[in-house]
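Chemist: Attaching a single structure in structure tokens format; questions to follow.
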Amino acid sequence: MQDRIDIPQIIIIIFVLIMMITAWFANISITYFINDSLIRLVMNGVLVLSLIPMLNAGVGINYGLPIGVVAGLMGMCLAVNFNIKEGLGFILSFLFSIPIAVIFGYIYSMILNRVKGKEEITATFVGFSFIYLTSLFWSIAPFNNPSMLWPIGGEGMRPTIGLKPYFEKILNNLWVIEIQKIKIPLGMLFFYFGLCIFIKFFFKTKIGIASIAVGENETFAKLSGIDIPKIRTLAIILSTVIAALGICVYSQSYGFIELYDAPLMVAFSAASAILMGGGKEGKTKVTHAVIGTYLFQTIYILSAPIANELLLPEVAEIFRNIITNGVILYAILYKNQKNSSSI
Amino acid sequence: MKKKFLGLIVFLLFFSFTNANAESFKIGVVTPPLSASEDEFRGGQKVSKKYPDMIKHITLPANFSEEQETAISQILSLGSEKDMKAIIICAGYSGILPAIQKIKEKRPDILVITAPIWDDPDMMAKYIDLCFDTDWLKRGETIPTKAHKMGAKTFIHYSFPTHMAKELLSKRRDMMKKTSEALGMKFVDISTPDPQAGSGRGPMLQFLQEDIPREISKYGKDTSIFGTNCPMQDVIIAKALELGFIVPEQCCPTPTQGFPAAMGLEIKPEDAGDFNKINKMIENKAKIAKVSGRLSTWPVPVGVFFPEFSVEVAKGIIDGKIDKKDIHQISETAKKIAGVEVYFNKMKPNLDNYYLIIMDSIYY
């Protein structure tokens with residue numbers, strides 16, 4: 000029952016299929032499309048995966064994703080600041096960002112545990128205000144690697160920091176095999192699916208099962224003696240840590256660390272992706288995140304070239320927005336409908 | 000040792016001489032604060048370091064549109080200082096003209112130079128002694144011409160619907176198309192996902208990363224790429240280093256946009272703001288990436304150039320060395336500050352104190 004494909008997924012799949020057929024007729028190279036879609040799946044996929052622990056523990060969609068993202072950015076900046084390059088730099092950015100994310104996640108969970116029932120809207124504003132707070136931090140942070148400082152003022156961080164001399168595409172280029180022009184980034188996919196398996200197994204552990212119980216029915220969970228605040232805190236910290244790793248993966252693939260207000264809207268595309276994949280509170284599976292990310296990113300990859308080929312750029316933009324936002328709306332309506340029918 | 004000592008004396012003498020001269024009057028420089036615009040703010044700081052006793056640098060409120068009254072009273076306070084002889088305003092805002100009108104009523108002797116403000120041009124020309132701005136529209140002609148000179152056979156213009164809804168930008172695009180076609184270049188107009196449509200700039204930048212290699216494999220290396228949005232420049236320049244196509248200019252022409260991030264320039268705090276050194280670094284990096292001659296921009300950002308240039312012009316006029324009606328003398332001063340030729344065009348044929356500038360380029 001839970002794995003049934005719902006109406007939104009059907010609509011999206013039909014839309015993607017129509018786009019693929021159009022792309023075929025518009026002579027858009029299929030190899031480019033496949034190569035890009037695999038990279039995009041992992042590049043954005045880890046951020047989408049990070050929503051699962053919170054969703055399943057009943058805390059709602061993590062619109063405060065920027066908090067984890069900032070922790071990851073700080074970790075990467077530390078690695079770059081100490082001039083640590085290549086794979087070691089990338090691994091160290093992970094190691095630096097995890098403790099920061101744990102601290103941030105803990106503080107974040109204290110806020111969210113106080114506003115039960117209104118987590119999503121609170122998280123949105125916590126995320127927004129946190130971005131501006133960190134903007135202040137970036138402009139006075141005592142980093143001293145000259146490739147990170149403002150080029151005119153000589154102090155504070157640049158808005159974008161190039162990763163080329165450090166660890167640009169280190170994961171993208173790990174174990175790439177090429178079959179007839181189609182490049183399969185095995186290293187990247189191993190990392191991604193490894194993380195997927197980790198999350199899947201987490202929900203098989205005692206804490207994982209407890210958190211699903213909290214997400215599905217809090218009263219029942221409480222009666223069975225589960226420490227609800229503790230479970231929620233753990234879920235929030237886990238989400239924040241995965242988000243921190245997610246931005247590291249994203250940045251190495253993009254080739255730049257983006258600071259200041261760049262991560263402001265990051266939560267919304269991740270949320271769209273997971274809802275598009277069929278994620279629901281307390282019942283989100285890893286497959287939902289994977290399918291959602293793939294569909295959402297595929298729409299992006301295909302829509303712009305098709306629009307340019309058909310000379311309808313504005314129309315394509317409008318269509319994509321209607322469909323992607325419409326699906327989210329449907330997902331939210333559907334969730335509420337279910338809740339009301341179950342009462 | 001003796002030589003050093005002598006040098007010191009000469010320096011001190013010279014310094015005290017210029018100091019004594021400078022103390023006789025003051026020049027007020029008005030810029031936005033650092034958070035609103037780095038270039039103008041640093042430009043103001045740079046010139047106040049050059050003439051520490053002469054310049055009074057004040058900054059406008061960060062959200063100018065909401066605190067216009069504060070801004071006006073700040074500018075008026077400059078006019079009430081007795082030894083203030085000139086006011087330079089470098090803040091691309093509209094709504095500053097009333098403050099200037101009031102100053103001119105009270106103190107007609109104060110010289111006012113704007114570089115730029117954006118009020119009604121005819122009214123500005125009436126009250127302000129000299130108005131300067133960048134010739135944004137003319138760049139629709141200069142950029143493709145430059146690209147053609149650099150060897151481009153195709154000109155790609157990346158933009159998106161909300162930008163193309165702005166009159167200036169779409170007019171410039173049309174002008175680029177006209178110029179490209181007149182020069183025999185193929186003009187390709189590509190629309191990216193809109194960064195203002197809700198999901199931020201991520202999708203736009205990801206699209207650029209995927210699309211540029213596609214276009215280059217289609218049109219070849221002799222393609223010139225221009226993007227209308229600031230964050231695009233990092234990706235465009237990084238891809239140019241990889242694929243070797245032509246970047247004639249960024250949307251805001253300056254060595255400090257796109258190049259530092261794309262090339263990972265290591266600019267030490269003591270070299271920050273030193274454009275000669277920054278330009279040298281870019282040249283070296285271009286050589287290493289084997290793209291020499293494929294990248295170009297203006298050697299100094301206009302935001303940094305305008306405050307210093309305007310102060311020099313004001314100083315020249317006050318000292319009686321520059322005639323404010325003589326554009327040759329003014330463009331000589333501009334050349335000294337920018338290090339390259341600066342072209343001045345009249346904003347309107349009937350206005351003789353409102354000029355738009357285009358700077359000569361530096362090729363890396």
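Here the protein sequences come in this chain order: B and C. Residue numbers are given in numbering that gives the first Met the number 0: position 153 of the first sequence equals residue 152, and the series is strictly consecutive. Residue numbers are given in numbering that gives the first Met the number 0: position 316 of the second sequence equals residue 315, and the series is strictly consecutive. Quick reminder that beta carbons are idealized off the backbone N, C-alpha and C, glycines included.
If you compare alpha carbons, which of B:Glu118, B:Phe197, B:Phe124 is closest to Thr232 (chain B)?
Modeler: Counting from 1 along the first sequence, the entry for residue 232 (chain B) is found at position 233. Of B:Glu118, B:Phe197, B:Phe124, the residue nearest in Cα terms is B:Glu118.
Chemist: Within 10 angstroms of the Cβ of Arg157 (chain B), are there 16 or more other Cβ atoms? Answer buried if so, exposed if not.
Modeler: Sequence index remark: in the first sequence, residue 157 (chain B) carries index 158 (1-based). Classification of Arg157 (chain B): buried, given that the 10 Å Cβ count is 16 or more.
Chemist: Quick test of the definition: if touching needs 3 or more C-beta pairs under 8 Å, does the segment 131-149 of chain B touch the segment 6-17 of chain B?
Modeler: No, the segment 131-149 of chain B does not touch the segment 6-17 of chain B.
Chemist: Check the Cβ-Cβ distances between Asp35 (chain B) and every residue of chain C, and say whether any is below 8 Å.
Modeler: As a working mapping, residue 35 (chain B) is identified with position 36 in the first sequence. Answer yes: the Cβ-Cβ gap between Asp35 (chain B) and chain C drops below 8 Å somewhere.
Chemist: Shorter than 8 Å from the beta carbon of Ala306 (chain B) to some beta carbon of chain C?
Modeler: Residue 306 (chain B) sits at position 307 when you count from the first residue of the first sequence. Closer than 8 Å to some Cβ of chain C, the Cβ of Ala306 (chain B) qualifies, so yes.
Chemist: Using a Cβ-Cβ cut-off of less than 7 Å, list which residues of the segment 240-258 of chain C approach chain B; keep chain order.
Modeler: Hits within the stretch, in order: Thr255.
Chemist: Does DSSP classify Leu355 (chain C) as helix, strand or coil?
Modeler: Taking the first residue of the second sequence as 1, we reach residue 355 (chain C) at position 356. Strand, per DSSP.
Chemist: Alpha carbon to alpha carbon, how far is Gln232 (chain C) from Met123 (chain C)?
Modeler: Counting from one through the second sequence, the residue named residue 232 (chain C) turns up at place 233. Counting from one through the second sequence, the residue named residue 123 (chain C) turns up at place 124. So the two alpha carbons sit approximately 33 Å from each other.
Chemist: When the Cα atoms are used, what is the spatial distance from Val314 (chain B) to Gly199 (chain C)?
Modeler: Within the first sequence, residue 314 (chain B) is the residue found at index 315, counting from 1. Within the second sequence, residue 199 (chain C) is the residue found at index 200, counting from 1. Rounded to the nearest angstrom, the two C-alpha atoms are 19 Å apart.
Chemist: Taking only runs that begin and end inside the segment 101-126 of chain C, name each unbroken beta strand (DSSP E) of 3 or more residues, in chain order.
Modeler: Runs of the beta strand (DSSP E) inside the segment 101-126 of chain C: 110-113.
Chemist: So, is Phe274 (chain C) buried or exposed, given that buried needs 16 or more other C-beta atoms within 10 angstroms?
Modeler: Residue numbering aside, residue 274 (chain C) sits at position 275 when the second sequence is read from its first letter. Flag for Phe274 (chain C) reads buried.
Chemist: Go ahead and pull the three-state DSSP assignment for Ala196 (chain C).
Modeler: Start at 1 with the first residue of the second sequence, and residue 196 (chain C) comes out as number 197. Here Ala196 (chain C) sits in coil by DSSP.
Chemist: If we cut at 8 Å on Cβ distances, does Met187 (chain B) have a partner in chain C?
Modeler: For the purposes of this step, residue 187 (chain B) is taken as the residue at position 188 of the first sequence. Not an interface residue.
Chemist: So, is the C-beta of Asn20 (chain C) closer than 8 Å to a C-beta in chain B?
Modeler: Residue 20 (chain C) sits at position 21 when you count from the first residue of the second sequence. Confidence at Asn20 (chain C) is low in this model, with a pLDDT of 48, below 50, so the placement of that residue is unreliable and no value is reported for it.
Chemist: Could you confirm whether any beta carbon from chain C is found closer than 8 Å to the beta carbon of Lys163 (chain B)?
Modeler: On the first sequence, residue 163 (chain B) is found 164 positions in, with the first residue counted as 1. Interface residue, yes.
Chemist: Between Gln328 (chain C) and chain B, is there a C-beta pair that is closer than 8 Å?
Modeler: In the second sequence, the residue the question calls residue 328 (chain C) occupies position 329. Not an interface residue.
Chemist: For Met187 (chain B), count the other beta carbons within 10 Å of its own beta carbon; 16 or more makes it buried, fewer makes it exposed. Which is it?
Modeler: Start at 1 with the first residue of the first sequence, and residue 187 (chain B) comes out as number 188. So Met187 (chain B) ends up on the buried side.
Chemist: Using a Cβ-Cβ cut-off of 8 Å, state whether Ile95 (chain C) counts as contacting chain B.
Modeler: Taking the first residue of the second sequence as 1, we reach residue 95 (chain C) at position 96. Cβ-Cβ to chain B under 8 Å: no for Ile95 (chain C).
Chemist: For Asn43 (chain B) versus Met53 (chain B), is the C-beta spacing smaller than 8 Å?
Modeler: Counted from its first residue, the first sequence places residue 43 (chain B) at position 44. Counted from its first residue, the first sequence places residue 53 (chain B) at position 54. In this structure, Met53 (chain B) does not lie closer than 8 Å to Asn43 (chain B) by Cβ.
Chemist: So what's Asn344 (chain C) in DSSP terms, helix, strand or just coil?
Modeler: Taking the first residue of the second sequence as 1, we reach residue 344 (chain C) at position 345. Strand at Asn344 (chain C).
Chemist: Could you spell out the range, first to last residue, of the beta strand (DSSP E) harbouring Tyr157 (chain C)?
Modeler: Here residue 157 (chain C) refers to the residue found at position 158 of the second sequence. Start and end: 153-158.
Chemist: Using only CA atoms, which one of C:Leu207, C:Leu240, C:Asp82 lies nearest to Lys289 (chain C)?
Modeler: Residue numbering aside, residue 289 (chain C) sits at position 290 when the second sequence is read from its first letter. Comparing Cα positions, the closest option is C:Leu240.
Chemist: What's the call for Phe39 (chain C), buried or exposed, on a 16-neighbour Cβ count within 10 Å?
Modeler: For this step, residue 39 (chain C) is matched to residue 40 along the second sequence. Note on identity: in this sequence residue 39 (chain C) is Glu, with Phe being the wrong assignment. Label assigned to Glu39 (chain C): buried.
Chemist: Do the segment 260-269 of chain B and the segment 73-90 of chain B make contact, defined as three or more Cβ pairs closer than 8 Å?
Modeler: No, they do not touch.
Chemist: Specify the secondary structure class of Lys147 (chain B) as computed by DSSP and reduced to three states.
Modeler: Translated into the one-based positions of the first sequence, residue 147 (chain B) becomes position 148. Note that residue 147 (chain B) is Met in the sequence shown, not Lys. Met147 (chain B): coil per DSSP, three-state reduction.
Chemist: In whole angstroms, what is the alpha-carbon distance linking Ala21 (chain C) and Leu136 (chain C)?
Modeler: Translated into the one-based positions of the second sequence, residue 21 (chain C) becomes position 22. Translated into the one-based positions of the second sequence, residue 136 (chain C) becomes position 137. Residue confidence for Ala21 (chain C) is low, a pLDDT of 45 falling below 50, so the modelled location carries little weight; the figure read from the coordinates is stated next. Their Cα atoms are separated by approximately 38 Å.
Chemist: Between the Cα of Ala164 (chain C) and those of C:Asp193, C:Lys152, C:Lys177, spot the shortest distance and give me the residue it belongs to.
Modeler: As a first step, residue 164 (chain C) must be located in the second sequence, where it is residue number 165. If we check each option's Cα against that of Ala164 (chain C), C:Asp193 comes out closest.
Chemist: By the DSSP assignment, the alpha helix (DSSP H) with Leu94 (chain B) in it spans what residues?
Modeler: Residue 94 (chain B) sits at position 95 when you count from the first residue of the first sequence. First-last of the alpha helix (DSSP H) with Leu94 (chain B): 85-113.
Chemist: Please tell me whether Gln205 (chain C) has its Cβ less than 8 Å away from any Cβ of chain B.
Modeler: Translated into the one-based positions of the second sequence, residue 205 (chain C) becomes position 206. Yes - at least one Cβ of chain B is within 8 Å of the one on Gln205 (chain C).
Chemist: Determine whether the Cβ of Asp38 (chain C) lies closer than 8 Å to any Cβ atom of chain B.
Modeler: Within the second sequence, the letter at position 39 stands for residue 38 (chain C). Closer than 8 Å: yes.
Chemist: If you measure beta-carbon to beta-carbon, which residues of the segment 143-175 of chain B are closer than 7 Å to chain C?
Modeler: The residues in question are Pro145, Ser146, Leu148, Trp149, Pro150, Ile151, Gly152, Gly153, Glu154, Arg157, Thr159, Ile160, Gly161, Lys163, Pro164.
Chemist: Count the C-beta pairs between the segment 79-92 of chain B and the segment 267-286 of chain B that are closer than 8 Å, then say yes if the count reaches three, no if not.
Modeler: No, the segment 79-92 of chain B does not touch the segment 267-286 of chain B.
Chemist: So, does the CB of Thr191 (chain C) fall closer than 8 Å to a CB anywhere in chain B?
Modeler: Position 192 of the second sequence holds residue 191 (chain C). By this cut-off, Thr191 (chain C) is an interface position.
Chemist: Measuring only between beta-carbons, confirm whether Arg172 (chain C) sits less than 8 Å from chain B.
Modeler: In the second sequence, the residue the question calls residue 172 (chain C) occupies position 173. So no, Arg172 (chain C) is outside the interface.
Chemist: Closest Cβ-Cβ distance between Glu311 (chain C) and chain B: below 8 Å?
Modeler: The residue you call residue 311 (chain C) lines up with position 312 of the second sequence. Not one chain B Cβ lies under 8 Å of Glu311 (chain C).
Chemist: Kindly provide the ranges of any alpha helix (DSSP H) runs that are 4 or more residues long and lie completely inside the segment 195-251 of chain C, ordered along the chain.
Modeler: Counting whole runs of 4 or more residues, the segment 195-251 of chain C contains the alpha helix (DSSP H) stretches 201-218, 231-242.
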